[in-house]
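Protein chains in written order, with the working numbering: chain A, 45 to 473; chain B, 45 to 473. For every residue, glycine included, the Cβ atom is placed at its ideal position computed from N, Cα and C. Encoded as structure tokens, the structure appears first; notes follow it.
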């Protein structure tokens, strides 16, 4: 199978002719092939939402769908809805909707649990499939829960895997015959830097290691081709670019060639070959279903399903092109509007190397972000000094970017961020 | 601390003067101290719902609350709602509402994940707290996912625990100095048999073993006194008697004396001492919060919180008395109405030994249950031959029981269950 690098063939229009005025931005929105998508979302008034990489906006259809699930399927159908409303197949049904976004077959993806729990299951399964290999390689500084899960595995699993943490650029050389698994987050949660999935996967597999990707910041944000790259496993999040709602269930992908040998450690009735036989001994289901454990979170799963419907007619190459244009427009506008404000780009300047987000370092980042939020521009802050802006291409437009940077410029010009109200730190996700 | 057996001091009114006619049943409902609770629930028309032990009815307040969470907190508040709507503290807040129902302190209970995932975490932590002890003792034939989880642990954990399965009556004698953990489901999911929590816990602890209870079929159905009994750990379900909705999050309880030594293996950012510091190395939070892993399922958690509000003013001794009366009325009515229909009681006859459910064996159990459901009496079937009826005391009344048994009698008299439509088996939860 040829390894198709997924981000190469759409270079041309990304950096040319980006809007620099309000009029140009509006004109660009008017001819945006994704412009009708925005109407499918509820965007709060007077808000420019650049945090869809943390929690996606609510699709308008979701409110009605959840009323139906709660007030009809639960309230009226009660226990019968496991069959009559097909709750029982939600993990498979939602998984099949995620599959085309990540280059997977419909029966290779299940929606279940949280990203962290799924990572525990799959990373453990990977180590158990690689007898005689003990190392798990990952990088420092990426989304911390991924590392915590691997640290917990190293602390608890019978195989006693050894966790090796190396900077991204040293990983390829470090993969050896003792490496069971390489685990990386595809898009860096802080900087938005994109790993070369095809190249790294190829290096891992050439050495006999398995390759597991966390797609939390890439699924729904750019085209991903797991099978095309020959990857082995992946996990990802439902509440960011997939617009599944707060704490939506996550997903797990395993390449079909591994399904038969898979043995994840958290055995539960939803993963049993015959869940309703209620037999005493665990017999894993065939195929991927053994990855399931407990009862499906029906409310969250139904919201996620509704969010995914909005991707049904989206050309991911078009989405990627718009995403690259939005991020590039944002970088150029900030540097043009606030050249001496002390911002230092924390994201790759090359749009081919970036996910759908832009981050800047600034020593006053926390207060600046609070001032922005106060003015209706919602991004987020990541310690110690990063302000982060996510451009969800389904509902963020070129005018949004223009206006957001104008407000940022205003805040910097007049030192609004110096207001003591903005300097008090709270927990922020 | 004295060990208070929780089901002893309410014997008197349980078996006397139960209604045997429709008029008596209605009169009993009229003077039921819990009668106003029923009005807080949506009960579908023409339905007698005796399956609240599988999926509780929808509290009327939940529909409105979920609209608020979805259409305001998510749609309008977006990422800000983690602070502004206090999503961040849902595990603790909902846990504190569960605490009084199970004899726990408010800071000893967290709502998170599924029952199965929580059992994996706590059983693993228990084994890791007991160096030199390798056995986990449990019983056969109880809710299977509990056994599957323990089997998965035995298959994966560094300590290589050995799972020993013994009939309930042999467990006390088998607990020895090699026993790390005794894990039992308090109320048997099929028969409704209630374990003597105080006695078994005492036996386990006398031998230095830890005691972990699954309260899925008891939390909200009868008074539980974990601390009074000196238990160590517990898990339980949010979607049965707690009325949290389909696939609601579950809960985990750990006695405070163990919090400091706890080390569950699925390390995630919500369990980190400083989740938003995003540091590379896992440092468990103080107290019970280290049991958390991933992002809270906000929709399910909010529904569960609303369901729990209905317990705020409930006297659990009163609830237990009504539950025992309902189950006793049901048993006596079935035996009076259908003496020769072939039903064999599968539940304990002594109401002190029963949870809030009644089961009968019948070789045609599957078809009989389908016929009942067709007539609006919803219970469930458990292989190979058990029909099961749950009496959720907050919304099931004495008239319901009377009418359900009349319909059952009719079905048996006229062999409605012989209808070929009722003989086709589907997946049913």
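Counted within 10 angstroms of its Cβ, other Cβ atoms place residue i as buried (16 or more) or exposed
i, result
"residue 240(A)", "buried"
"residue 66(B)", "exposed"
"residue 433(B)", "buried"
"residue 475(B)", "Given a span of 45 to 473 for chain B in the structure shown, any question on residue 475(B) remains unanswerable."
"residue 340(A)", "buried"
"residue 80(B)", "exposed"
"residue 157(B)", "buried"
"residue 165(A)", "buried"
"residue 334(A)", "buried"
"residue 175(A)", "exposed"
"residue 407(A)", "exposed"
Best match in the options for proximity to residue i [C-alpha to C-alpha]
i, options, result
"residue 255(A)", "236(A), 224(A), 150(A) and 269(A)", "224(A)"
"residue 423(A)", "68(A), 325(A), 266(A) and 101(A)", "101(A)"
"residue 377(A)", "105(A), 281(A), 80(A) and 450(A)", "450(A)"
"residue 197(B)", "113(B), 168(B), 443(B) and 104(B)", "168(B)"
"residue 245(A)", "358(A), 176(A) and 226(A)", "226(A)"
"residue 372(B)", "410(B), 356(B) and 393(B)", "393(B)"
"residue 455(B)", "382(B), 429(B), 428(B) and 251(B)", "382(B)"
"residue 430(A)", "322(B), 186(B), 294(B) and 315(B)", "322(B)"
"residue 212(B)", "221(B), 467(B), 183(B) and 369(B)", "183(B)"
"residue 235(A)", "261(A), 64(A) and 81(A)", "261(A)"
"residue 141(A)", "259(A), 201(A), 324(A) and 356(A)", "356(A)"
"residue 90(B)", "428(B), 421(B) and 427(B)", "421(B)"
"residue 362(B)", "112(B), 70(B), 78(B) and 145(B)", "78(B)"
"residue 387(A)", "345(A), 452(A) and 105(A)", "452(A)"
"residue 151(B)", "133(B), 163(B) and 162(B)", "133(B)"
"residue 358(A)", "439(A), 153(A), 98(A) and 204(A)", "439(A)"
"residue 461(A)", "445(A), 427(A), 414(A) and 468(A)", "414(A)"
"residue 130(B)", "113(B), 144(B), 406(B) and 143(B)", "113(B)"
"residue 85(B)", "70(B), 105(B), 125(B) and 466(B)", "105(B)"
"residue 467(A)", "412(A), 444(A) and 428(A)", "412(A)"
"residue 173(B)", "149(B), 144(B), 253(B) and 109(B)", "253(B)"
"residue 445(B)", "465(B), 109(B), 110(B) and 402(B)", "402(B)"
Whether residue i touches residue j by CB criterion (7 Å)
i, j, result
"residue 73(A)", "residue 441(A)", "yes"
"residue 331(A)", "residue 303(A)", "yes"
"residue 118(B)", "residue 88(A)", "no"
"residue 155(A)", "residue 293(A)", "yes"
"residue 186(B)", "residue 232(B)", "yes"
"residue 288(A)", "residue 194(A)", "no"
"residue 178(A)", "residue 206(A)", "yes"
"residue 123(A)", "residue 418(B)", "no"
"residue 283(A)", "residue 99(A)", "yes"
"residue 343(B)", "residue 343(A)", "yes"
"residue 192(A)", "residue 410(B)", "no"
"residue 345(B)", "residue 138(B)", "yes"
"residue 120(B)", "residue 107(A)", "no"
"residue 153(A)", "residue 203(A)", "no"
"residue 135(A)", "residue 350(A)", "no"
Proximal residues to residue i (C-beta, below 7 Å), its chain only, five neighbours per side dropped
i, result
"residue 447(A)", "92"
"residue 472(A)", "In this prediction, residue 472(A) scores a pLDDT of 46, lower than 50, which makes its location untrustworthy; the coordinate-derived value is nonetheless stated afterwards. Here the set comprises 424 and 425."
"residue 389(B)", "375 and 404"
"residue 367(B)", "265, 266, 400, 435 and 437"
"residue 397(B)", "237 and 238"
"residue 251(A)", "219, 220, 221 and 223"
"residue 338(B)", "312 and 314"
"residue 181(B)", "208, 210, 215, 218, 219, 223 and 226"
"residue 200(B)", "none"
"residue 62(A)", "369, 372, 373 and 376"
"residue 458(A)", "none"
"residue 306(A)", "169, 298 and 334"
Own chain, CB closer than 6 Å to residue i, minus 5 neighbours either side, in chain order
i, result
"residue 299(B)", "276"
"residue 189(A)", "160"
"residue 258(A)", "190, 229 and 279"
"residue 281(A)", "159, 260 and 294"
Practice problem: Determine which residues of the segment 189-208 of chain B have a Cβ less than 8 Å from any Cβ of chain D, and write them out in chain order. | Solution: Protein chains A and B are contained in the structure displayed, whereas chain D is not.
Quiz item: Mind pulling the alpha helix (DSSP H) runs of 4 or more residues that sit fully within the segment 322-406 of chain B?
Solution: Listed in chain order, the complete alpha helix (DSSP H) runs (minimum 4 residues) inside the segment 322-406 of chain B are 342-353 and 360-381.
Quiz prompt | Continuous alpha helix (DSSP H) assignments of at least 4 residues falling wholly in the segment 199-258 of chain B | solution = Runs of the alpha helix (DSSP H) lying entirely within the segment 199-258 of chain B, each at least 4 residues long, are 212-218 and 241-250 in chain order.
Exercise. Within the segment 282-317 of chain A, note down every full beta strand (DSSP E) run reaching 3 residues or more, in order along the chain.
Key: If only complete runs of 3 or more residues are kept, the segment 282-317 of chain A shows the beta strand (DSSP E) at 294-298, in order along the chain.
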